[in-house]
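Numbering (our numbering), first residue to last: 1 to 195.
Here you go:
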């Protein structure tokens, strides 16, 4: 098996792993009523950009090789780094979903009886789900053998992150007030030890 094929197979396995982790939480979350949301055209656009970079472009590339002009032949070292980033992403996804439980939401939603989660992986990080997506985007850049489709996740998710993090933190402050401000003061956004 060539490194390019190994990287493509690993990327597919990462996407399958992500879906297997997320599906039960998504199903349960639909049962809880949303009290407030920041969904709308801007959020839909951010999600579409992220999906294009983290899902559509790499899937097209893995399935068809397009765009052929940007094809790369990764080294086994690059694949090893990609597998490490993939493992980190999936571990973070699982820990994040487990800690959030019924409070999980794909978008900027406050559900009925919403509680501020500060335990588990949230003890040190305010946004470990974003940490997981950054790790996933890095894994994609290393695993997908294409100089356009590989880094597309970093760009697509980067746009979502930059446009969403501020409104999300404001919504949490509006909802939880001083409790969120105190939590924010003692935790890092996405990388432990970096405030």
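Positions of the beta carbon are idealized from the N, C-alpha and C atoms, including for glycine.
| When DSSP labels each residue in this structure, what does residue 225 get in the three-state scheme? | The shown model of the chain, from 1 to 195, leaves out residue 225, and the question about it has no answer.
| query | Under the three-state reduction of DSSP, which class applies to residue 125: helix, strand or coil? | reply | strand
| query | Any idea if residue 1 is buried or exposed, counting beta-carbon neighbours within 10 angstroms, 16 or more meaning buried? | reply | exposed
| task | Below 7 Å CB to CB, which residues in the same chain sit around residue 97 once its five sequence neighbours on both sides are set aside? | result | 21, 22, 25, 104
| query | When DSSP labels each residue in this structure, what does residue 149 get in the three-state scheme? | reply | coil
| query | Straight-line CA distance for residue 169 to residue 191? | reply | 16 Å
| In this structure, what does DSSP give as the bridge partners for residue 263? | Residue 263 lies beyond the range of the chain shown here (1 to 195); nothing can be said about it.
| message | If contact is defined by three or more beta carbon pairs under 8 Å, each pair taking one atom from either stretch, is the stretch 123 to 130 in contact with the stretch 174 to 194? | response | yes
| said: For a test of the three-state rule: what should DSSP assign to residue 56, helix, strand or coil? | reply: helix
| said: Tell me the residue span of the beta strand (DSSP E) that contains residue 110. | reply: 109 to 111
| request: Have a look at residue 68 and residue 8 and give me their C-alpha separation to the nearest angstrom. | output: 14 Å
| query | Can you tell me the Cα-Cα spacing of residue 32 and residue 100, whole angstroms? | reply | Roughly 13 Å between the two C-alpha positions.
| request: Rounded to whole angstroms, what's the CA-CA distance from residue 28 to residue 106? Just pull it up for me. | output: Whole-angstrom Cα-Cα distance: 12 Å.
| query | Does the pairing of the stretch 33 to 44 with the stretch 130 to 139 give three or more beta-carbon distances under 8 Å? | reply | no
| request: Verify whether the separation of the beta carbon atoms of residue 49 and residue 193 is less than 9 Å. | output: no
| task | May I ask you to verify whether the stretch 55 to 72 touches the stretch 175 to 183, counting CB pairs closer than 8 Å and requiring at least 3? | result | no
| said: Considering only the alpha carbon of each residue, which of 142, 171, 92 lies closest to residue 121? | reply: Considering only alpha carbons, the answer is 92.
| query | Candidates 117, 51, 30: which alpha carbon is nearest residue 158's? | reply | 51
| Around the C-beta of residue 76, are 16 or more other C-beta atoms found within 10 angstroms, so that it is buried, or is it exposed? | Residue 76 is classed as exposed because its beta carbon has fewer than 16 other beta carbons within 10 Å across all chains shown.
| Which value, in whole angstroms, describes the spacing of the CA atoms of residue 83 and residue 132? | 14 Å
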